[in-house]
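**Q** Would you mind keeping the following structure in view while I ask a few things?
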């Protein structure tokens, strides 16, 4: 009885995860198809990878996407840390929850709303649509998520740690740099990587606020896909997937192996 | 550290961000919704929203979003539950999150091939004798791909809610004579309502606003609020009308947030 | 340099409408071990935080070394604190935790090494320099916290219920160590606790606090033997408190009889409260006792039995004795004149001191 239940549970999980990965594996498989379409596998080839690497336009777009992601995540993390510290230090619950509500608006807002409203904003401010407007948008929608990732860390930190640092002579800046920042660092990293993910994953907002001549990968794929299928895209997805997989699994094994010892010390 | 100069200084960039990128955009959307295509003040946009065409579009949009949310919950809840019972939770979770690092456009693009007339699903249907079907460009493909995209956002909050349950509650329930199923029904499920509500927020609202799936996969058969907004802003350039629909979407969002938060409390 | 290190002048601290410290005045002298004793919410931790500079008084002045420090922030005050939850920095190891204050002062590396090593030696942790905080036990963390405070050579160490998280055995051990440490260092310790036994064992001086007011201050024996009011008597050790009145000097009446006592300076027939400590009551037969009581319940406390008894006027009498008696039996209680302590109703500390001085001469 227990055994069949276990089989069912495992079977179900595996099925769902196979479906979850099917599209990615599908893309990967066809990236090696010499047939030139995602119909029928004619033979193995690396031709699409060659074509991808000789397509400077596409490579520049990939580079744009990465640059936007890195810069926006970095700036969003800095502003987000400041925001989280500021929110945490507001003593009146009323103001704190008001700021938090404002903070969360962009997190729950649908992409189209963010995209459309930013489009109006940039047009009104006279900011031309392109690299700069996309960068600003990515920073803007990443900030609240960084704040959300850091706040719990700040909350969990015992206030006596700050007292202790002050007591030992640390100035306000030293309290922040020597105690608070190291303490919330995991949250800061989590925030940075989530911001990175949000930026790399974004399509809708960028689609609204980008202009001629500047594209991120998602927007490019959208226009390519509307024209039909190109196996260069498959090759590109495969490379992206391989890199993410390596990074994530590497991180997982490192983090499980280096787990801090929780031994109670012996006297 | 409370109330010091450093924290007040930190508030400046953050407050600037709130004013420019949170408050101003909302105000601008609301303002634009009262402008016609020439920039004159009008209520006409809201008038048009009440016309049968728009009412039907909005109804459809809600309807399909609800289906997507329901399917995500039905498929996703057991996944969350089973993961919480496995040994290597961390690994399963990473495997769950991993696909979301692949841009969703790429995944959507993959479905063009999978569901295509010459794709593997159709090939399979041929083999088992059902015969080829047009799987793309209809409401089925919309629901399928949307569910595929959003299901992790249902699984994660439900999983977190299950993990938060104190294991002694489950022992207590067993101790009081409840079977596994009864324990699930009377203890675990009620305690995961929070997670389900967060999942609802995270799936329902984004599905309302999807537009690229409707364009690429559903062949414009399903028009969501998002599609309509995109259409007005980027195709017909009628920002006023687009903004009016956006206001509706924002209101729906506010209502959903409020309603689910009430339940959460 | 005057011998007073801390002085509070009419210090009041209020949050919104709640007054947590009400017009408090006291002085703390160099080199002694002080304890602030009281139930939770009595204001003892508030006093500590005012001295450390984490909070500012609503009114009144705090002096350190005869300088008003109201406007001086915590990081510039010559005091260090040992926190209740230790507040050790989880991202730093033992050495770096202790070195934190020295690094802030930009002390030279060689000196840092030496002073940290010395401080850790002081608390018997010299072998643990490179350990992570998460690898240390509760008692060890406690010692790291102490080392971290004393390494900066403060004139005053504040200890906020530092032993409350430890188990009984470790706690007693740490009490000895703390007392010894204070004497070796010769600096002032201000110790906060709600544990009266701890206070009695450790202190040179105790301040008993309740409801934001210092109820009584004095040496442990003063406070134990001559509690000023019902609160102090109840809080410091177990007490039997019954109502009575003074017939004349050295004669008090309670439980419908008059007894010889050693208290003077009262009005005739003044109503008073009478305290007799449970360990001062001696069990005898019903016939021989000064008062007769019936045993209601009995508990074995290890060193002694604790009997709860009632006299015919429904006064409860708690008795500590190594003798065991039967429940429901009638016994007699004996006590000498010195065992009786008389408290005047609503007497302030100043009046109390004056009266004591008057008849001690």
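Protein chains in written order, with our numbering: chain S, 5 to 271; chain B, 13 to 277; chain D, 140 to 500. Cβ atoms here follow ideal geometry from the backbone N, Cα and C, with glycine treated the same way.
Quick one: what's residue 356 of chain D bridged to in DSSP?
**A** Bridge partners of residue 356 of chain D: D:346.
**Q** Which chain B residues sit within Cβ distance under 8 angstroms of residue 225 of chain S?
**A** Simply 115, 117, 118, 121.
**Q** Can you give, in chain order, each stretch of the alpha helix (DSSP H) that sits fully within the stretch 264-314 of chain D and has at least 4 residues?
**A** Runs of the alpha helix (DSSP H) inside the stretch 264-314 of chain D: 277-289.
**Q** Measure how close the beta-carbons of residue 275 of chain S and residue 23 of chain S come, nearest whole angstrom, since I'm counting them as under 8 angstroms.
**A** Because chain S here runs from 5 to 271, residue 275 of chain S falls outside it and cannot be looked at.
**Q** Can you find a CB in chain S that lies within less than 7 angstroms of the CB of residue 224 of chain B?
**A** At least one chain S Cβ lies under 7 angstroms of residue 224 of chain B.
**Q** Identify the continuous beta strand (DSSP E) that holds residue 193 of chain D and give its terminal residues.
**A** Premise fails: residue 193 of chain D is in no beta strand (DSSP E) and is neither H nor E.
**Q** Are the CB atoms of residue 207 of chain B and residue 149 of chain B nearer to each other than 7 angstroms?
**A** It is not a contact, given that the beta carbons lie outside the stated cut-off.
**Q** By Cβ distance below 7 angstroms, which residues in the same chain neighbour residue 384 of chain D in space, the five residues on each side in sequence not counted?
**A** For residue 384 of chain D, where only same-chain residues beyond five positions count, the Cβ hits under 7 angstroms are 392, 408, 409, 410, 411.
**Q** With a threshold of 7 angstroms between beta carbons, is residue 258 of chain B in contact with chain S?
**A** Yes - at least one Cβ of chain S is within 7 angstroms of the one on residue 258 of chain B.
**Q** Using a Cβ-Cβ cutoff of less than 8 angstroms, which residues in the same chain neighbour residue 151 of chain D once the five nearest sequence positions on both sides are dropped?
**A** Excluding sequence neighbours, residue 151 of chain D sits near 158, 160, 161, 162, 163, 196, 197, 198, 199.
**Q** With respect to the beta strand (DSSP E) encompassing residue 145 of chain B, which residues constitute its N-terminal and C-terminal limits?
**A** Looking at the DSSP string, residue 145 of chain B is not in any beta strand (DSSP E), and its letter there is neither H nor E.
**Q** Answer with buried or exposed for residue 63 of chain S, where buried requires no fewer than 16 other C-beta atoms within 10 angstroms of its C-beta.
**A** Exposed is the call here.
**Q** Residues of chain S with CB under 7 angstroms from residue 492 of chain D, in chain order?
**A** Chain S residues near residue 492 of chain D: none, gap ~34 angstroms exceeds 7 angstroms.
**Q** Please report whether the beta-carbon of residue 162 of chain S lies at a distance below 7 angstroms from any beta-carbon of chain D.
**A** Residue 162 of chain S counts as touching chain D.
**Q** Quick one: grab the DSSP three-state call for residue 385 of chain D.
**A** Residue state, collapsed to three classes: strand.
**Q** Please classify residue 263 of chain S as buried or exposed, where buried requires at least 16 neighbouring CB atoms within 10 angstroms.
**A** At residue 263 of chain S, the pLDDT of 48 sits below 50, so the modelled position is not reliable and the matter cannot be decided from this model.
**Q** For the structure I just gave you, are there three or more beta carbon pairs, one from the stretch 235-252 of chain B and one from the stretch 20-30 of chain B, closer than 8 angstroms?
**A** The stretch 235-252 of chain B, when compared against the stretch 20-30 of chain B, does not touch it at the 8 angstroms Cβ threshold.
**Q** Does residue 191 of chain D come within less than 7 angstroms of chain S when only Cβ atoms are used?
**A** At least one chain S Cβ lies under 7 angstroms of residue 191 of chain D.
**Q** Quick one: is residue 168 of chain S near chain D, going by C-beta distance under 7 angstroms?
**A** Answer yes: the Cβ-Cβ gap between residue 168 of chain S and chain D drops below 7 angstroms somewhere.
**Q** Exposed or buried, residue 213 of chain B, counting other C-beta atoms within 10 Å across all chains shown (16 or more means buried)?
**A** Under this definition residue 213 of chain B is a buried residue.
**Q** Quick one: list the residues of chain S neighbouring residue 19 of chain B, beta-carbon separation under 7 angstroms, in chain order.
**A** Result: 89, 90, 93.
**Q** Is there contact here, the stretch 448-461 of chain D with the stretch 418-427 of chain D, by at least three beta-carbon pairs under 8 angstroms?
**A** With the cut-off at 8 angstroms, the stretch 448-461 of chain D and the stretch 418-427 of chain D touch.
**Q** If you draw a straight line from the alpha carbon of residue 79 of chain B to that of residue 9 of chain S, how long is it in whole angstroms?
**A** If I take the Cα positions, the gap works out to 28 angstroms.
**Q** Using beta-carbon positions only, say whether residue 283 of chain D and residue 251 of chain D come within less than 7 angstroms of one another.
**A** No, these two residues do not count as a Cβ contact at 7 angstroms.
**Q** Within 7 angstroms of any Cβ in chain D, is that where the Cβ of residue 186 of chain S sits?
**A** Closer than 7 angstroms to some Cβ of chain D, the Cβ of residue 186 of chain S qualifies, so yes.
**Q** Helix, strand or coil for residue 45 of chain B, going by three-state DSSP, please let me know.
**A** Three-state DSSP puts residue 45 of chain B in coil, outside helix and strand.
**Q** Ends of the alpha helix (DSSP H) at residue 221 of chain B?
**A** Its alpha helix (DSSP H) spans residues 205-221.
**Q** Pairs of beta-carbons, one from the stretch 43-60 of chain S and one from the stretch 245-254 of chain S, closer than 8 angstroms: are there three or more?
**A** Cβ pair count under 8 angstroms is below three, so no.
**Q** Does the beta carbon of residue 249 of chain S sit closer than 7 angstroms to a beta carbon anywhere in chain D?
**A** So, not an interface residue.
**Q** Classify residue 132 of chain B as helix, strand or coil using the three-state DSSP reduction.
**A** The answer is helix: DSSP assigns residue 132 of chain B an H, G or I state.
**Q** According to the Cβ coordinates, are residue 240 of chain B and residue 45 of chain B closer than 7 angstroms?
**A** Not in contact: residue 240 of chain B and residue 45 of chain B (Cβ atoms no closer than 7 angstroms).
**Q** Do we get a CB-CB distance below 7 angstroms when we pair residue 231 of chain S with the residues of chain B?
**A** Output row for residue 231 of chain S: interface = no.
**Q** Give every residue of the same chain whose Cβ lies closer than 8 angstroms to the Cβ of residue 390 of chain D, excluding the five residues on either side of it in the sequence, and list them in chain order.
**A** For residue 390 of chain D, where only same-chain residues beyond five positions count, the Cβ hits under 8 angstroms are 397, 398, 399, 400.
**Q** Look at the Cβ atom of residue 229 of chain B, then the Cβ atom of residue 153 of chain B, and state whether they are nearer than 7 angstroms.
**A** A contact, by the Cβ cut-off of 7 angstroms.
**Q** Can you check DSSP and say which residues form a bridge with residue 436 of chain D?
**A** Paired residues: D:447.
**Q** Give every residue of the same chain whose Cβ lies closer than 6 angstroms to the Cβ of residue 346 of chain D, excluding the five residues on either side of it in the sequence, and list them in chain order.
**A** Within the same chain, residue 346 of chain D has close Cβ partners 175, 353, 356.
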